[in-house]
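Engineer: Structure provided below as structure tokens; questions to follow.
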Amino acid sequence: MKIIIADDHSLVRAGLVQLLKTLPGEFDVVEAGSSEEVLAKAGDDTDLLLLDLDMPGIGSIKRVEQMCVALPSTAVVVISGNDASHVIHACLEVGVMGFIPKASSNQVLISAIQLVLSGDQYVPYAFIKQSTMFGAAPEKVTPRQEEIWKLIAKGQSNKEIARVLDLTEGTVKQHVSALFKTLGIHSRSEAMLKAHEIWG
161 MKIIIADDHS
171 LVRAGLVQLL
181 KTLPGEFDVV
191 EAGSSEEVLA
201 KAGDDTDLLL
211 LDLDMPGIGS
221 IKRVEQMCVA
231 LPSTAVVVIS
241 GNDASHVIHA
251 CLEVGVMGFI
261 PKASSNQVLI
271 SAIQLVLSGD
281 QYVPYAFIKQ
291 STMFGAAPEK
301 VTPRQEEIWK
311 LIAKGQSNKE
321 IARVLDLTEG
331 TVKQHVSALF
341 KTLGIHSRSE
351 AMLKAHEIWG
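Next up, the structure:
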């Protein structure tokens, strides 16, 4: 699997390289310090591009869109210090598979990358809560749903959660379904990721 880290700061690239080494599996990690270097090093064999929005040669959503078009078989994930909702929304509109704020913890960063590599899209939980692109803001999570959510974040199955909370497995499934609808998510991996964002 080939991953390109595109950032004009060598220290940032080095940090991301070390972080990617904690992922399971083997990765061919390539570094790029400019948009021109990205296009020169990327190809059909590139699985993931971690792209700094503030890097020279990028700096605009239009340029991000051009990168997505130029690399149709590559999952593009934008990393930026500007996580304003309109910026995230614009990035998603042009085809990126994820947006990771630079203030994110290493755990969130790793989880987000794994989510994108599995074929899902990643956006910050705070954006989902306020974004109109997902329809109305999610309703308040009930105390019971929060209990179940925290257990999902620990990797527990519905059967295990049912045993811990003294509920039937069917009841747990109903709560999980309602929780996913409330959060605007579709998988347990997304639930785990958002739990890490909120509770660490």
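Take 161 as the starting number for the sequence shown in our numbering and just add one per residue.
Don't be surprised by glycine CBs; every beta carbon is placed ideally from N, CA and C.
(1) Please report the distance separating the alpha-carbon of Ser158 from that of Phe187.
(2) With DSSP collapsed to three states, give me the class of Leu269.
(3) Compare the C-beta of Leu209 with all C-beta atoms of chain B and state if any pair is closer than 8 angstroms.
(4) Do Ile308 and Leu339 have their beta-carbon atoms positioned less than 8 angstroms apart in this structure?
(5) What's the gap between the Cα of Val324 and the Cα of Ile164?
(6) Mapping DSSP to helix, strand and coil, what is Lys162?
(7) Under the rule that 16 or more other beta-carbon atoms within 10 Å means buried, what is Ala297, buried or exposed?
(8) Considering only the beta carbon of each residue, do Asp167 and Asp212 sit closer than 8 angstroms?
(9) Would you kindly work out how many angstroms separate the C-alpha atoms of Glu191 and Met257, rounded to a whole number?
(10) Which residue from Ala174, Gln281, Ser271 puts its Cα closest to that of Glu253?
(11) Do you know how far the Cα of Met352 is from the Cα of Asp326?
Structural biologist: According to the data block:
(1) Residue 158 is absent from the model: the chain starts at 161 and stops at 360.
(2) Position 109 of the sequence shown holds residue 269. DSSP places Leu269 in helix when its eight states are reduced to three.
(3) The chain inventory of the structure shown lacks chain B, comprising one protein chain alone.
(4) By one-based count along the sequence shown, residue 339 stands at place 179. By one-based count along the sequence shown, residue 308 stands at place 148. Contact flag set, yes.
(5) Translated into positions along the sequence shown, residue 324 becomes position 164. Translated into positions along the sequence shown, residue 164 becomes position 4. Going by the C-alpha atoms only, they are around 43 angstroms apart.
(6) On the sequence shown, residue 162 is found 2 positions in, with the first residue counted as 1. Shown here, Lys162 sits in a strand according to DSSP, grouped into three states.
(7) Numbered from 1 along the sequence shown, position 137 holds the residue referred to as residue 297. Low confidence applies here, because Ala297 scores a pLDDT of 37, under 50, leaving its location unreliable and the question unanswered by this model.
(8) The residue given as residue 167 occupies position 7 in the sequence shown. The residue given as residue 212 occupies position 52 in the sequence shown. The answer is yes: Cβ separation under 8 angstroms.
(9) Start at 1 with the first residue of the sequence shown, and residue 191 comes out as number 31. Start at 1 with the first residue of the sequence shown, and residue 257 comes out as number 97. The alpha-carbon atoms of Glu191 and Met257 are separated by roughly 20 angstroms.
(10) As a position in the sequence shown, residue 253 is number 93, starting the count at 1. Residue Gln281 is the option with its Cα nearest to Glu253.
(11) Translated into the one-based positions of the sequence shown, residue 326 becomes position 166. Translated into the one-based positions of the sequence shown, residue 352 becomes position 192. Rounded to whole angstroms, the gap between the alpha carbons of Asp326 and Met352 is 22 angstroms.
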